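Take a look at the structure set out below.
Protein chains in written order, with the working numbering: chain A, 49 to 607; chain B, 49 to 607.
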């Protein structure tokens with residue numbers, strides 16, 4: 049029967065069931081047998097002393113299975129499947145096991161291990177005969193990833209929860225260890241609930257690093273225990289602050305669903321908001337014309353030649369680092385404006401006095417802030433300019449974020465650093481929405497055009513790199529700068545687009561068929577994960593008319 | 049004191065209060081005196097037998113005044129104004145009067161009068177001494193517009209509602225009678241609540257025509273009493289249907305807030321969804337490749353050479369027209385694909401039999417459908433191709449929608465028709481979000497780039513027209529085609545961008561200062577109306593970082 053159906057599908061007589069998985073596993077064998085979820089379905093942990101966050105993840109998986117209420121994306125929706133569902137066998141359990149000898153750690157502990165040392169692999173088997181499904185991994189984090197995959201198979205109609213593609217055998221593991229999403233919470237503020245919802249959506253597509261660009265020149269919404277004045281004066285308002293408790297809730301929740309929160313306090317540029325409480329630390333503070341002193345208004349950068357500023361910033365990073373479970377902390381380092389310092393009498397006097405060049409002083413500043421992070425056991429992270437435009441001495445294991453252009457990865461790799469791919473020409477979610485700088489009737493956004501999900505999806509993480517450089521690419525991320533974003537459009541500007549890189553960096557260059565990833569195969573699956581996100585409360589944008597979403601490939605250009 | 053403050057403002061010593069009005073009135077004199085809203089504030093109607101919808105509008109105005117809770121967009125927000133508010137006089141009433149001899153009709157009746165015959169003018173005076181404010185108009189619709197303006201002046205902080213720019217004298221009237229917004233509810237469906245919310249936002253910026261592109265090839269979500277099969281089989285689902293009651297609620301509510309609902313059933317192209325119930329009426333029904341037969345999938349057009357189809361379509365328009373208060377109904381007429389008919393044996397046989405050319409048959413079909421509308425007292429509306437690409441005989445008072453390019457208005461005017469400006473190169477809100485057609489990894493949207501609010505705002509309705517043609521321009525509209533939109537992003541893709549044309553067509557070429565409208569002056573006011581929309585529950589997109597919104601012009605390119 050399976051073979052006959054497959055033959056009919058191959059002949060085009062029946063629609064092939066879309067494998068409703070995103071990212072698509074490295075290796076998968078799927079059938080065409082329907083299976084319902086037994087009303088008594090249970091997820092059974094077969095080992096002793098499971099950690100609390102795994103128990104919580106099991107609860108969440110049950111919740112999604114019961115509440116996704118997603119009808120399958122076929123013409124007729126759920127009604128199309130009624131007959132097959134009636135005669136389907138029922139699955140009564142999913143058994144979770146750890147591989148022999150694997151340690152029973154919490155998901156949270158596994159999620160913040162050093163990048164490259166986490167085990168996210170899993171094996172999932174769903175027999176077609178209703179006998180127990182099994183999920184095996186080397187870590188609770190792997191089990192979490194496997195449960196995420198498991199929950200994507202199920203549709204609902206008429207009080208039945210069912211899947212359409214048993215038997216299933218999956219062997220899965222990520223191609224890259226760093227699969228991120230960056231959110232800027234300084235241009236405009238996002239309440240913690242928006243971040244939590246974003247973390248949930250990230251976990252559904254196996255993204256595992258939340259790069260939190262928490263502060264910038266426009267506002268400083270981060271409460272730091274030792275420096276309460278920073279948020280008191282630098283935040284947009286007292287209600288637009290991430291309290292210490294908020295940060296703890298966010299990092300704790302993130303880790304429990306497989307996500308490492310990499311905080312960034314951008315320095316020494318992008319710091320005007322520090323001037324609200326410490327004006328003496330800021331050169332070219334709100335100077336005019338801003339365009340002489342900064343890439344966007346307001347101008348203002350830390351006077352890193354001032355020992356008091358070095359001391360302050362070092363202590364700030366030290367204080368913040370102590371509060372974070374992640375081993376990665378970013379000191380930023382993008383878009384440093386030299387004119388700001390050239391025109392700053394205090395900086396010039398300090399350079400004269402110290403006998404250092406500006407670049408030497410920048411290097412000393414960076415070594416001091418990075419030293420504080422390293423002393424706390426953290427790995428520093430910087431934007432690409434710190435190694436491409438400045439002669440800053442960095443620890444060998446520093447992680448460098450490529451952002452200006454996809455062409456820059458090779459130059460970073462040439463310097464020998466590990467790198468994360470976040471190139472604006474593929475991964476900037478804010479591009480293409482018009483210019484936000486005032487008095488510019490005809491201008492478009494600086495990084496026009498819009499970066500479609502297709503564009504992001506076709507990104508090659510290893511382009512232009514030599515074989516010896518390729519291992520330096522630890523992953524990538526899509527990014528949302530929020531000059532034109534707020535909670536009102538967060539979901540719709542991010543999802544499902546940010547799922548594109550999630551698959552690029554999880555599945556890698558080729559899909560389970562061995563063929564390169566391609567947008568045509570991907571689209572029906574991306575519809576599916578988008579509709580599922582919507583059912584779970586994330587207001588993801590639609591990709592096509594519903595007419596197309598119900599008819600895979602019928603709206604392709606040559607269909 | 050007023051003069052002194054004004055001098056300080058002129059010297060740049062104090063920020064000028066932004067006139068929080070959108071669209072900006074034709075003529076306005078404003079001061080800098082603060083005025084609070086008395087807790088006993090009342091809106092008093094000074095004439096007999098006010099209509100129910102005017103009483104309802106008064107209630108709504110009270111509601112906004114009490115619940116907008118908008119703090120002023122200055123550094124420090126509401127706290128900045130505390131001292132001025134403490135010493136401010138209180139306004140205790142706004143008196144509504146009709147000009148002598150004016151008829152007391154309902155707002156609803158005034159809103160659906162023939163385009164060009166409505167009176168939306170009003171005069172608003174708010175003295176600085178706390179004595180009663182007065183609002184005078186020639187119609188209840190004018191009073192409604194004036195109350196909309198009145199409600200935009202008020203901020204809230206610390207239990208005080210106040211304004212910052214008394215005394216106010218406004219003489220206002222629209223430059224163009226047709227100020228629309230078009231929503232496509234066929235590519236993806238929008239529940240009535242989303243439409244109602246959109247109508248509210250439209251009314252806040254004095255837009256007065258909701259162009260409802262209700263059906264298209266992808267779905268037919270409109271219940272028509274005499275033709276229930278159309279929605280039963282052509283809608284996406286039974287829950288994605290506008291019932292007769294929904295349509296009545298929407299048109300009734302719209303009229304009560306000054307909006308005329310112009311329904312469009314696009315014909316003879318864009319009608320595949322009619323084929324779900326009447327396959328015999330559709331040529332090239334879902335034919336492949338769709339690109340040979342249609343501008344987007346699925347292909348399918350009415351066989352207008354078939355007398356049964358002419359009869360059906362004519363009866364359809366007659367039936368629909370009877371349910372609509374508006375005097376304008378659109379029969380569509382865009383993107384007719386000729387190949388579809390060339391390859392359709394039935395069409396070719398019917399042409400041979402009738403001896404007509406395809407164009408002659410199209411003209412007969414159109415005369416029949418338009419005849420049905422005219423018989424119901426309606427004015428037919430068509431897309432520009434009906435007069436530019438086809439030799440269709442139309443009534444002289446037919447309204448033509450320009451959409452393909454702003455360059456096409458002159459050709460339509462050359463034919464002598466009244467026209468509405470909806471050019472894709474300025475007013476298409478869907479452009480620039482990437483290609484939605486599948487299997488197109490590199491493609492952008494057909495009408496790239498994104499049409500920013502600035503682009504829309506710089507549109508000249510009268511460009512390239514002779515003086516004698518200019519009166520043919522009755523207004524314009526921004527449009528949302530919804531291949532990539534759903535309720536999830538409706539507010540953020542439409543607002544505040546659709547307010548741009550609202551000001552272009554209300555205020556006209558020059559603002560109250562006599563200077564041409566310009567984006568630099570407009571931006572702070574657009575921020576203000578955007579924040580007010582947000583307070584009223586419309587999730588409009590942010591235009592800039594909050595830092596910029598609080599500092600008018602500080603983020604201008606040369607600031």
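All residues carry an ideal CB built from backbone N, CA and C; glycine is no exception.
Owing to the predicted nature of the structure, the values given are computational and were not obtained by experimental measurement.
For residue 111/A, the number of other beta carbons within 10 angstroms of its own is below 16, and it is reported as exposed.
In the three-state reduction of the DSSP assignment, residue 466/A falls in the strand class. Counting only the Cα atoms, residue 83/A lies some 11 angstroms from residue 181/A. The beta carbon of residue 441/A is closer than 8 angstroms to those of 411, 414, 415 in its chain, skipping five residues each way along the sequence. Secondary structure note for residue 208/B: its beta strand (DSSP E) is the uninterrupted segment 208-220.
Under the 8 angstroms Cβ criterion, the stretch 189-205 of chain B does not count as touching the stretch 229-236 of chain B, having fewer than three qualifying pairs.
When DSSP states are grouped into helix, strand and coil, residue 545/B belongs to the coil group. Residues of the stretch 498-510 of chain B whose Cβ lies closer than 9 angstroms to any Cβ of chain A, in chain order: 498, 499, 500, 501, 502, 503, 505, 506. Contact of residue 567/B with chain A by beta-carbon distance below 9 angstroms involves 486, 487, 488, 489. Residues of the stretch 568-599 of chain A that bring their beta carbon within less than 8 angstroms of a beta carbon in chain B comprise 568, 571, 582, 587, 588, 589, 590, 591, 592, 593, 594, 595, 596, in sequence order. Scanning its chain for C-beta atoms nearer than 7 angstroms, with the 5 sequence neighbours on each side dropped, one finds around residue 72/B the residues 551, 555, 559, 560, 573, in chain order. The C-beta distance from residue 233/B to residue 331/B rounds to 24 angstroms, too long to fall under 8 angstroms, and the pair is not in contact. Chain-ordered, the chain A residues with CB closer than 9 angstroms to the CB of residue 266/B read 593, 594, 595, 596. DSSP places residue 173/A inside the beta strand (DSSP E), whose first and last residues are 170-174.
Proximity of residue 260/A to chain B, defined by a Cβ-Cβ separation below 8 angstroms, is not satisfied. Spanning the alpha carbons of residue 429/A and residue 362/A requires a straight line of approximately 15 angstroms. Contacts with chain B at 8 angstroms (Cβ-Cβ) include residue 539/A.
Chain order gives the chain A residues near residue 532/B as 589, 590, 591, 592, where near means a beta carbon separation below 8 angstroms. Along the length of the stretch 258-332 of chain A, whole beta strand (DSSP E) runs at least 3 residues long occupy 308-313, reported in chain order.
For residue 236/A against residue 533/A, the beta-carbon gap comes to about 6 angstroms, under 8 angstroms, which counts as contact. DSSP, reduced to helix, strand and coil, places residue 591/A outside both helices and strands of the structure shown, so it counts as coil. With 16 or more other Cβ atoms from the protein chains shown falling within 10 Å of its own Cβ, residue 307/A counts as buried. Cβ atoms of residue 591/B and residue 578/B come within 8 angstroms of each other, at about 6 angstroms. Between the stretch 307-322 of chain B and the stretch 382-397 of chain B there are three or more C-beta pairs closer than 8 angstroms, enough to call the two in contact. For a cut-off of 8 angstroms, the C-beta gap from residue 486/A to residue 509/A is around 37 angstroms, too long to register as a contact. Residue burial annotation: residue 537/B is buried, with at least 16 other C-beta atoms found within 10 angstroms of its C-beta. Separation of residue 140/A and residue 178/A (C-alpha to C-alpha, rounded to the nearest whole angstrom) is 7 angstroms.
Per DSSP, residue 525/A is one residue of the beta strand (DSSP E) stretching across 521-528. A direct Cα-Cα distance of roughly 18 angstroms separates residue 542/A from residue 531/B.
Along the stretch 336-363 of chain B, going in chain order, the ones with a CB nearer than 9 angstroms to a CB of chain A are 336, 337, 338, 339, 344, 345, 346. Restricting attention to alpha helix (DSSP H) runs no shorter than 4 residues, the stretch 404-491 of chain B encloses them at 406-423, 433-436, 457-462, 472-475, ordered along the chain. With respect to residue 164/A, residue 522/A sits close: the two C-beta atoms are nearer than 8 angstroms. Taking the CA atoms as reference points, residue 342/B sits about 22 angstroms from residue 397/B. Using a Cβ distance threshold of 8 angstroms, residue 345/B and residue 443/A do not count as a contacting pair.
At least one CB atom of chain B sits nearer than 8 angstroms to the CB of residue 605/A. Taking the CA atoms as reference points, residue 70/A sits about 58 angstroms from residue 216/B.
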